[in-house]
Amino acid sequence: MAKIGFIGTGIMGHPMALNLQKAGHSLFLSQHHDAAPADLVAGGAVALANPKEVAQEAEFIIVMVPDTPQVEDVLLRADGVAAGVGAGKVVIDMSSISPTATKAFAAKINEKGAQYLDAPVSGGEVGAKAATLSIMVGGDSAAFERALPLFQAMGKNITLVGGNGDGQTAKVANQIIVALNIQAVAEALLFAAKNGADPAKVREALMGGFASSKILEVHGERMIKGTFDPGFRISLHQKDLNLALQGAKELNINLPNTANAQQVFSTCAAIGGSNWDHSALIKGLEHMANFSIRDK
352 MAKIGFIGTG IMGHPMALNL QKAGHSLFLS QHHDAAPADL VAGGAVALAN PKEVAQEAEF
412 IIVMVPDTPQ VEDVLLRADG VAAGVGAGKV VIDMSSISPT ATKAFAAKIN EKGAQYLDAP
472 VSGGEVGAKA ATLSIMVGGD SAAFERALPL FQAMGKNITL VGGNGDGQTA KVANQIIVAL
532 NIQAVAEALL FAAKNGADPA KVREALMGGF ASSKILEVHG ERMIKGTFDP GFRISLHQKD
592 LNLALQGAKE LNINLPNTAN AQQVFSTCAA IGGSNWDHSA LIKGLEHMAN FSIRDK
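At position 212 of the sequence shown the residue is numbered 563 (the working numbering), and the sequence of numbers has no breaks.
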């Protein structure tokens, strides 16, 4: 059983840490931002003052925070992870952040003699609780093999994509596909309802054909019922699409549909929906159409 530092016990991180604890691993938690969750401490987790102390105590240090600046802070602050790591330790960033920044962070951790894996996840809060997350990993293959039992306690579809940054690149690609699929389902249901058809029956019919998808199954139902509690917040999906669009600019390529989906998310944010589940993208389309599929 491993000694694991876990930094970032929010909507996703808390159940992920709990699953590691249930698997028998020892946890060390940083209280530099918030108090350690009581249930994890009651289960044996040790609460420490800052990421440096966590890195000194643990063999593996997992970071699960919202965005690139938070990862940089946790890793590189004066009492951060980089100040406490050394040879034999593995830093695993499971946040969804910039692939370019990831390569820079990995270089700084490697300078300390430790190894770095970027391992963002897909599957949302449901997958985090059920330990069924898809985990996309970038980094050294030997470090990946060492960390694999930890990943297996949190997820099911675990892939070593390539070197540092490649895990984050795969996650950005995932978020492009998810956003465009959500928009496709939302547009289809809006079209059907505006045309006088029952969107629930249309969804039922489509589930038996080539248009069937997990997005249509899960998020289509949320759109019809109007259940938009996150889940995965629109603000976080906007962050991920910003990474895609910034990366596209750096690569001199055009992602027109990604840009369009981002604009619809921005419409949702403008009407107060930043914290809605990303399936609420349909509310942006409804706002522009002055029509709701639920008001029939």
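Glycine included, every Cβ here is placed at the ideal spot set by N, Cα and C.
#### Entry: Residues that Leu380 bridges to, as DSSP identifies them
In the DSSP output, where bridge partners are listed per residue, Leu380 has Phe357 and Ala398.
### Query
Is it the case that the Cβ atoms of Lys459 and Ala493 are separated by a distance below 7 Å?
Result no, Cβ atoms of Lys459 and Ala493 do not sit closer than 7 Å.
#### Entry: the segment 394-404 touching the segment 449-458, judged by at least three CB pairs closer than 8 Å
Inter-segment contact for the segment 394-404 and the segment 449-458 is absent: fewer than three beta-carbon pairs are separated by less than 8 Å.
### Query
If we count Cβ pairs, one from each stretch, closer than 8 Å, do we get three or more for the segment 480-497 versus the segment 537-557?
Not touching, per the Cβ criterion.
### Query
For the alpha helix (DSSP H) that contains Val529, what are its first and last residues?
Start and end: Asp517 to Lys545.
### Query
Apart from the five residues just before and just after Ala465, which ones in its own chain have a Cβ nearer than 8 Å to its Cβ?
Around Ala465, the same chain offers Val436, Gly437, Ala438, Gly439, Lys440, Val441 and Val442 as residues with beta carbons nearer than 8 Å, after the five sequence neighbours per side are excluded.
### Query
How would you label Ser563, buried or exposed, when you count the other beta carbons within 10 angstroms and need 16 or more for buried?
Classification of Ser563: exposed, given that the 10 Å Cβ count is below 16.
### Query
Opposite Gln466 in the DSSP bridges: which residues?
Per DSSP, the beta-bridge partners of Gln466 are Val441.
### Message
Out of Gly516, Glu410 and Pro366, which one is the CA nearest neighbour of Asp491?
### Response
The shortest C-alpha separation from Asp491 is found at Gly516.
### Message
Between which two residues does the alpha helix (DSSP H) holding Ser586 run?
### Response
Residue range Ile585 to Leu602 is occupied by the alpha helix (DSSP H) that includes Ser586.
### Message
So, does the segment 581-595 touch the segment 603-615, judging by three or more C-beta pairs under 8 Å?
### Response
Yes, they touch.
### Query
So what does Asp628 bridge to, in DSSP terms?
Paired residue(s): Arg584.
### Query
In whole angstroms, what is the alpha-carbon distance linking Ala368 and Gly547?
Cα atoms of Ala368 and Gly547: separation of roughly 47 Å, rounded to the nearest angstrom.
### Contacting residues, own chain, Cβ-Cβ under 6 Å from Ile362 (five flanking each side not counted)
Around Ile362: Glu476.
### Task
Name the two residues that bound the continuous alpha helix (DSSP H) containing Phe502.
From DSSP, the alpha helix (DSSP H) with Phe502 extends over Ser492 to Met505.
### Buried versus exposed call for Gln503 [16 or more other C-beta atoms within 10 Å across all chains shown]
Classification for Gln503: exposed.
### Query
Is the distance from the Cβ of Ile355 to the Cβ of Leu371 below 7 Å?
For Ile355 and Leu371, yes; Cβs fall inside 7 Å.
### Message
Restricting to Cα atoms, I'd like to know which of Ala524, Asp646 and Gly623 is closest to Asn608.
### Response
Comparing Cα-Cα distances from Asn608 to each of Ala524, Asp646 and Gly623, the minimum goes to Ala524.
### Message
Am I right that Ile575 and Pro550 are in contact with their C-beta atoms under 8 Å? What's the rounded C-beta distance?
### Response
Yes, Ile575 and Pro550 are in contact; Cβ-Cβ is about 5 Å, under 8 Å.
### Message
Taking the alpha-carbon of Lys463 as reference, which of Pro417, Ala406 and Ser377 has the nearest alpha-carbon?
### Response
Looking only at Pro417, Ala406 and Ser377, the smallest Cα-Cα distance to Lys463 is reached by Ala406.
### Query
Does the separation of the CB atoms of Asp628 and Gly582 fall below 7 Å?
With contacts defined as CB atoms closer than 7 Å, Asp628 and Gly582 qualify as a contacting pair.
### Query
Is the CB of Ala524 under 7 Å away from at least one CB in chain D?
No chain D appears in this structure, which consists of one protein chain only.
### Own chain, CB closer than 8 Å to Leu697, minus 5 neighbours either side, in chain order
This structure cannot settle anything about residue 697, because the visible part of the chain is limited to 352 through 647.
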